[in-house]
Amino acid sequence: MVEYIVNMKIRRTKARVKLAASCIIALVCVVGIGVSLYKIIEWRLEGDSTKAQSAEAESLATVQEKDDDDVEIIENNEKEDSLYWKYLKTKLIDVDFTELKQKNSDTVGWIQVGGTNINYPFVQVSNNDYYLKHSFDKSYNSAGWVFADFRNRLDGQDKNLIIYAHGRYDGTMFGTLKNILTNGWLNDSNNFIVRTASEKESALWQVFSTYRTPVTSDYIQTDFATTDEFGDFTQMIKNRSAHNFNTSVTSADKILTLSTCYNDDRVVMHAKLIKRSVK
Numbered sequence: 064m065v066e067y068i069v070n071m072k073i074r075r076t077k078a079r080v081k082l083a084a085s086c087i088i089a090l091v092c093v094v095g096i097g098v099s100l101y102k103i104i105e106w107r108l109e110g111d112s113t114k115a116q117s118a119e120a121e122s123l124a125t126v127q128e129k130d131d132d133d134v135e136i137i138e139n140n141e142k143e144d145s146l147y148w149k150y151l152k153t154k155l156i157d158v159d160f161t162e163l164k165q166k167n168s169d170t171v172g173w174i175q176v177g178g179t180n181i182n183y184p185f186v187q188v189s190n191n192d193y194y195l196k197h198s199f200d201k202s203y204n205s206a207g208w209v210f211a212d213f214r215n216r217l218d219g220q221d222k223n224l225i226i227y228a229h230g231r232y233d234g235t236m237f238g239t240l241k242n243i244l245t246n247g248w249l250n251d252s253n254n255f256i257v258r259t260a261s262e263k264e265s266a267l268w269q270v271f272s273t274y275r276t277p278v279t280s281d282y283i284q285t286d287f288a289t290t291d292e293f294g295d296f297t298q299m300i301k302n303r304s305a306h307n308f309n310t311s312v313t314s315a316d317k318i319l320t321l322s323t324c325y326n327d328d329r330v331v332m333h334a335k336l337i338k339r340s341v342k
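Numbering-wise, the sequence shown is residues 64 to 342 according to the numbering used here.
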């Protein structure tokens with residue numbers, strides 16, 4: 064009889080433990096769903112805010128194509144049948160930054176990338192952290208904004224001008240830069256150009272390397288001790304390309320680097336300066 068009573072108590076205890084465990088698991092699931100739902104709502108709201116600020120930036124800026132007056136063609140050794148000669152016919156853009164700078168004094172330029180939705184003003188401050196979590200109006204936003212590396216001088220002399228932004232899944236910021244990995248983008252040579260403008264110059268860049276890479280800092284170097292060091296650098300990033308653009312790059316070139324996050328990796332584009340107009 065005693066043994067029976069003990070066994071019954073043990074069974075009841077086990078039942079209570081199982082019930083408690085089930086309740087805890089259910090509670091954890093409910094909390095997890097609540098947190099996930101909150102994150103989804105937060106992400107959506109931040110995306111909507113980014114879209115609204117992008118639209119406002121476009122309304123504040125006067126972005127126009129400019130005539131090829133006082134344009135400097137960067138000397139090149141491209142072959143006669145190279146796309147380089149086609150791209151030289153592309154007009155530069157000129158931007159009135161007056162109202163943009165009134166909205167955000169950190170504004171330093173504008174960028175357009177062929178075959179993507181990238182058409183934004185970009186900013187620069189004394190570090191590469193602030194605009195990872197702040198939007199164009201400087202409000203906190205995990206979508207961030209498009210920004211130039213703090214080490215770049217933006218005086219037309221940078222050997223490697225680097226511009227970053229988050230790769231948002233909703234296509235904002237550099238969310239469509241991942242297009243450069245697709246056959247659809249690569250099969251259209253009209254996409255292989257980038258146009259930038261600052262208060263000091265307008266520039267046209269020809270893409271020569273695109274790739275996806277694990278997180279590394281070897282492609283975001285801005286200063287080079289010697290011409291040979293820069294030549295080795297350009298050869299490295301050209302060899303890394305997932306597509307052969309049949310474009311020459313020399314140690315005399317100036318290049319533009321675009322970098323964004325893509326899951327746990329980075330998507331990177333490099334382009335060389337082929338035409339500019341200094342203001």
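Every residue gets a Cβ at the ideal spot worked out from N, C-alpha and C, and that includes glycine.
Secondary structure of residue 128 (DSSP, three-state): strand. The DSSP-derived three-state label of residue 208 is coil. Under the 8 Å Cβ criterion, the stretch 209-225 does not count as touching the stretch 243-253, having fewer than three qualifying pairs. By a beta-carbon distance limit of 8 Å, residue 314 contacts residue 293. Their separation comes to about 5 Å. Residues of the same chain with a CB within less than 6 Å of the CB of residue 137, apart from the 5 flanking positions on each side, are 336 and 337 in chain order. Residue 143: not part of any beta strand (DSSP E); DSSP gives it neither H nor E.
In the structure shown, the three-state DSSP call for residue 219 is coil. When the beta-carbon positions are compared, residue 323 and residue 236 come within less than 9 Å of each other. In this structure the stretch 297-307 lies against the stretch 269-281, because at least three pairs of beta carbons, one per stretch, are closer than 8 Å. By the C-beta density criterion, residue 232 is exposed, having fewer than 16 other C-beta atoms within 10 angstroms.
By the neighbour-count definition (other C-beta atoms within 10 Å, threshold 16), residue 148 is an exposed residue. For residue 185, the secondary structure class from DSSP, reduced to helix, strand or coil, is strand.
Taking residue 339 as reference, the option from 205, 131 and 158 with the minimal CA-CA separation is 131. Here the C-alpha atom of residue 197 lies approximately 14 Å from the C-alpha atom of residue 115. Within a 10 Å sphere around the beta-carbon of residue 156 sit 16 or more other beta-carbons, which makes this residue buried.
Of the residues 128, 145, 127 and 107, the one whose Cα lies closest to the Cα of residue 310 is 145. Along the stretch 229-306, the alpha helix (DSSP H) occurs as fully enclosed runs of 4 or more residues at 246-249 and 290-302, listed in sequence order. Between the beta-carbon of residue 285 and that of residue 225 there is about 7 Å, and that keeps the pair under the 8 Å contact cut.
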